[in-house]
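Residue numbers (UniProt numbering), protein chains in the order written: chain G, 1 to 223; chain H, 1 to 223.
Where is the CB? At the ideal position from N, CA and C, for every residue including glycine.
No experiment lies behind these values; they were computed from the predicted model shown.
Heads up: the structure comes next, in structure tokens.
2 protein chains.
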Amino acid sequence: MMTSAPKAVLIYSGGMDSFTLLHQLRAQGYQVFPVSFHYGQRHAKELQVAAQVCQQLQLQHQIIDLRAIQPLINQSALTGDQDVPLADYAPDNLAITFVPNRNMILLSLAIGYAVNLGIEACYYGAHSGDHALYPDCRPEFVERMDELAQLANLQPVSLRAPFLHLNKTEILQQGLALGLDYSQSWTCYQGQTLACGQCSACRERLDAFARCGHTDPLKYQTA
Amino acid sequence: MMTSAPKAVLIYSGGMDSFTLLHQLRAQGYQVFPVSFHYGQRHAKELQVAAQVCQQLQLQHQIIDLRAIQPLINQSALTGDQDVPLADYAPDNLAITFVPNRNMILLSLAIGYAVNLGIEACYYGAHSGDHALYPDCRPEFVERMDELAQLANLQPVSLRAPFLHLNKTEILQQGLALGLDYSQSWTCYQGQTLACGQCSACRERLDAFARCGHTDPLKYQTA
């Protein structure tokens with residue numbers, strides 16, 4: 001008897017974490033429906049990378065242009081006019097990279113998509129390194145959002161964040177064990193041809209590769 | 001000493017309930033920041049009515065065009081190709097007027113707007129008549145969404161649905177007691193010059209006026 005593959009909606013940014021999660025879900029036998037959001041990040045490079053990966057894997061990929069919501073959430077370096085700090089993540093420079101209510105907004109759309117497709121699971125790649133910095137990556141947030149997703153529609157949806165208690169290095173270790181090619185992921189906050197190697201996102205990525213004893217296959221301006 | 005007015009974000013559809021809530025909040029001394037969403041309802045009439053009211057009251061009104069999210073939520077009569085049923089609301093014809101995860105999506109955007117403005121309260125006009133039909137109007141949903149809004153951002157937001165235990169007639173009674181002119185609200189699901197008087201939304205509105213012993217000041221095709 002044939003059984004159909006389980007299905008999952010995945011918020012797929014094009015970054016390392018959701019790239020790893022995409023491949024893990026596929027390795028577990030899921031048919032994955034990735035959705036990417038353009039919410040006014042100052043470049044579309046990570047979305048291009050995400051689209052290339054989905055095309056190569058022949059996945060039905062939704063790229064949703066949310067720039068029309070900018071008048072509501074425009075107090076942020078990622079979506080506004082301020083410069084992105086070229087430094088490590090820290091509470092001081094975190095505040096200006098914070099998009100108001102970002103994860104609740106993106107998750108509610110992904111959950112709506114799951115309801116629309118009759119899919120019962122919605123995944124995203126929040127991880128423990130985000131907890132201290134972003135309130136909407138904390139376990140309490142994910143638990144409450146999951147409870148809400150169970151009762152907000154005629155059909156319950158389960159919200160799953162399997163990296164919630166892993167750090168960036170541990171996620172990378174899992175992906176390297178799967179043999180993933182991380183040149184197919186994008187992390188840098190700058191939108192240039194090559195990753196800058198200087199912004200907080202690049203520094204965190206390079207640090208994770210160093211801790212895993214691997215060289216990042218991505219090309220950097222500073223290499 | 002001068003004290004500044006308390007502020008509130010309000011999801012303002014242009015319909016009777018949010019029209020009543022807008023005026024109640026103003027009567028309570030709130031500076032109101034109304035936000036309306038165009039999410040692919042098949043006409044923009046209610047948004048025009050909402051914009052006129054805000055212009056008249058000199059309120060800063062955000063109208064956010066969410067039509068780009070349609071590929072995620074397109075299984076619905078309100079946003080898709082099916083006809084709206086010309087009958088009373090009932091579970092049978094409800095399913096096709098249901099937009100997947102609508103309230104979670106709209107509330108998460110309104111909460112983001114509140115965070116962005118530094119406002120601690122976000123209002124919407126869910127009422128008891130919706131409970132049986134729409135899962136995302138039930139008290140459990142509102143309570144959980146409020147808990148989530150308290151912890152999803154660096155700044156807590158309180159979600160308030162003061163009509164949650166009132167029916168349409170009771171809301172109308174409150175608005176009539178305030179002397180509101182309901183010709184400035186729009187309810188009909190059809191997008192024509194005059195309200196149809198036939199769709200489930202018109203029928204419910206006319207029923208509420210009849211129960212209050214008032215004549216609806218809105219013009220109807222069937223009058």
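- Annotation for T169/H: A208, R211 and C212 place their beta carbon closer than 7 Å to its own, counting only its chain and skipping 5 residues before and after.
- For L148/G, at least one C-beta of chain H is nearer than 8 Å to its own C-beta.
- The CB of V115/G comes closer than 7 Å to the CB of P100 and N101 in chain H, given here in chain order.
- D136/H has a beta carbon lying within less than 8 Å of a beta carbon in chain G.
- Residue pairing by DSSP places F37/G opposite I64/G in a beta bridge.
- Q60/G sits away from F37/G, with the two beta carbons spaced by 8 Å or more.
- When Cβ pairs closer than 8 Å are counted between the two stretches, the segment 171 to 184 of chain H is seen not to touch the segment 148 to 155 of chain H, the count staying below three.
- When DSSP states are grouped into helix, strand and coil, Q24/H belongs to the helix group.
- The beta carbon of E140/H falls within 8 Å of a beta carbon belonging to chain G, placing the residue at that interface.
- For C122/G, the three-state secondary structure derived from DSSP is strand.
- The beta carbon of I111/H sits closer than 6 Å to those of C122, A149 and V157, all from its chain and outside the five residues before and after it, given in chain order.
- As DSSP reads the structure, I11/G sits in a beta bridge with V35/G.
- The beta-carbon distance between V9/G and A161/G, rounded to whole angstroms, is 13 Å. This is too long to meet the 8 Å contact definition.
- Under the three-state reduction of DSSP, R160/H is assigned to strand.
- From the listed residues G118/G, P139/G, E120/G and L218/G, the smallest Cα separation to H127/G is found for P139/G.
- Nearest CB-CB separation between G213/H and chain G: not below the 8 Å threshold.
- For A195/H, the three-state secondary structure derived from DSSP is strand.
- Between I64/G and I69/H, the beta carbon gap of about 6 Å places them in contact (Cβ cut-off 8 Å).
- In terms of CA proximity to R67/H, L109/G leads the group M104/G, L109/G, G129/G and Q221/G.
- The Cβ-Cβ distance between G15/H and L47/H does not fall below 8 Å.
- One finds P71 and L72 in chain H with Cβ atoms closer than 7 Å to the Cβ of Q62/G, taken in chain order.
- Listed in chain order, the non-local C-beta contacts of L166/G below 7 Å within the same chain comprise H127 and S128, local neighbours out to five positions each way being set aside.
- Between G197/H and T222/H, the C-beta gap is smaller than 8 Å, which places the two residues in contact.
- The distance from the Cβ of M104/G to that of D136/G is about 6 Å, consistent with a contact at the 8 Å cut-off.
- Between Q31/H and K7/H a beta carbon distance of about 5 Å is seen, short of the 8 Å cut, so the two are scored as contacting.
- With a beta-carbon spacing of about 18 Å, A201/G and T215/G fall beyond the 8 Å limit used to define contacts.
- With contacts defined as CB atoms closer than 8 Å, Q24/H and Q173/H fail to qualify as a contacting pair.
- Within the DSSP bridge table, the entry for Y220/G names A195/G as partners.
- Shortest Cα-Cα distance from G118/G to any of A177/H, L107/H and N74/H involves N74/H.
- Taking each of E120/H, L21/H and V99/H in turn and checking the Cα distance to L133/H, the smallest one comes out for V99/H.
- A distance below 8 Å separates the beta carbons of F163/H and D17/H.
- Ranking R144/G, T193/G, Q58/G and Q55/G by CA distance to the CA of A44/G puts T193/G first.
- At a beta-carbon threshold of 9 Å, none of the residues of chain G lie near R26/H; the nearest stands roughly 21 Å away.
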